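> Per our numbering, residue 20 is the first one in the sequence shown, and the count goes up by one each step.
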Amino acid sequence: MSKVLIVDDDRQLLRALAINLRARQYEVETAADGTSALDAASRRPPDLVILDLGLPDMNGVEVVYGLRGWCTAPIIILSAREGQADKVEALDAGADDYVTKPFGMDEFLARVRAALRRTTPTTSGTATVQTDAFTIDLAAKQVTTADGPVRLTPTEWNLLEVLVRNTGKLVSQKQLLQEVWGPTYEAETNYLRVYMAQLRRKLEPDPSRPNHLITEPGIGYRFQP
Numbered sequence: 020m021s022k023v024l025i026v027d028d029d030r031q032l033l034r035a036l037a038i039n040l041r042a043r044q045y046e047v048e049t050a051a052d053g054t055s056a057l058d059a060a061s062r063r064p065p066d067l068v069i070l071d072l073g074l075p076d077m078n079g080v081e082v083v084y085g086l087r088g089w090c091t092a093p094i095i096i097l098s099a100r101e102g103q104a105d106k107v108e109a110l111d112a113g114a115d116d117y118v119t120k121p122f123g124m125d126e127f128l129a130r131v132r133a134a135l136r137r138t139t140p141t142t143s144g145t146a147t148v149q150t151d152a153f154t155i156d157l158a159a160k161q162v163t164t165a166d167g168p169v170r171l172t173p174t175e176w177n178l179l180e181v182l183v184r185n186t187g188k189l190v191s192q193k194q195l196l197q198e199v200w201g202p203t204y205e206a207e208t209n210y211l212r213v214y215m216a217q218l219r220r221k222l223e224p225d226p227s228r229p230n231h232l233i234t235e236p237g238i239g240y241r242f243q244p
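Structure follows, in structure tokens:
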């Protein structure tokens, strides 16, 4: 039975979607805001997420980013926003499909089936990654050491998140620069040296001899729990 998380602050629509999906043997969980959605997903990873963009506490795109740090489940945006810019932003953030309200239920259910067929709906790991020096909560975008929460800049977090998503794997300098700064920064390897040094100072007990944020000289970087 596939687990579906529906995120929308329209209670009537939330109920209608839940009824239709449960009638077709999907296991359904609902959330009315982004914070509750990220919490629900971290507790019980979904196989599919149906997400509105206009949430009361945050933009739905922020929820997409929060999920994509650790979850590979397909995300279908269900929104009244029809602008091309909104669609592009959501899809670039990691959404898999975009359906505009109002919509036909039969077509929408077909899109749900198609999304589940295209992927193996499992998470890439867990929302929490533990090392001997610090803990990373990918859903909450928070890093904690024995001394308490660590304040990371958005760029530092994005860099760490890419490495953690590829735990144990070598991530090339080019890939990191593309994912964190964009395709026009592929040659700016000095950015990586500066920001990796900052991360190590904040997270590694001995930044000069890192155990978790490893450099592969001239090639890239690796996160080792």
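A virtual CB, placed ideally from N, CA and C, is assigned to each residue, including glycine.
Because the structure is a prediction, the values reported are computed rather than measured.
I need the straight-line Cα distance from ALA80 to VAL118, nearest angstrom please.
Strictly speaking, residue 80 in this sequence is Val, with Ala absent from that position. Rounded to the nearest angstrom, the two C-alpha atoms are 14 Å apart.
> So what does DSSP say about GLN31, is it helix, strand or coil?
If DSSP states are grouped into helix, strand and coil, GLN31 belongs with the helices.
> Which same chain residues, not among the five before or five after PRO224, have their C-beta less than 7 Å away from its C-beta?
The residues are ALA152.
> Would you tell me roughly how many angstroms separate the C-alpha atoms of ALA165 and ILE69, rounded to the nearest one?
Roughly 36 Å separates the two Cα atoms.
> For a test of the three-state rule: what should DSSP assign to PRO168, helix, strand or coil?
PRO168 falls in the strand class under three-state DSSP.
> Once DSSP output is grouped into helix, strand and coil, what is the label at GLU48?
It is a strand residue.
> Grouping DSSP H, G and I as helix and E and B as strand, with all else coil, what is LEU196?
Three-state DSSP puts LEU196 in a helix.
> Could you spell out where the beta strand (DSSP E) holding ARG241 opens and where it closes?
That run of the beta strand (DSSP E) goes 239-242.
> Can you tell me the Cα-Cα spacing of ALA50 and LEU24, whole angstroms?
Going by the C-alpha atoms only, they are around 8 Å apart.
> Straight-line CA distance for TYR210 to ILE238?
Answer to the nearest angstrom: the Cα atoms are 14 Å apart.
> Can you give me the Cβ contacts of ALA56 inside the same chain, cut-off strictly under 6 Å, excluding the 5 residues immediately before and after it?
Excluding sequence neighbours, ALA56 sits near VAL26, ALA50 and VAL82.
> In chain order, what residues of the same chain have a beta carbon less than 8 Å from the beta carbon of GLN192, not counting five sequence neighbours either side?
The answer, listed in chain order, is THR208, LEU211, ILE238, GLY239 and TYR240.
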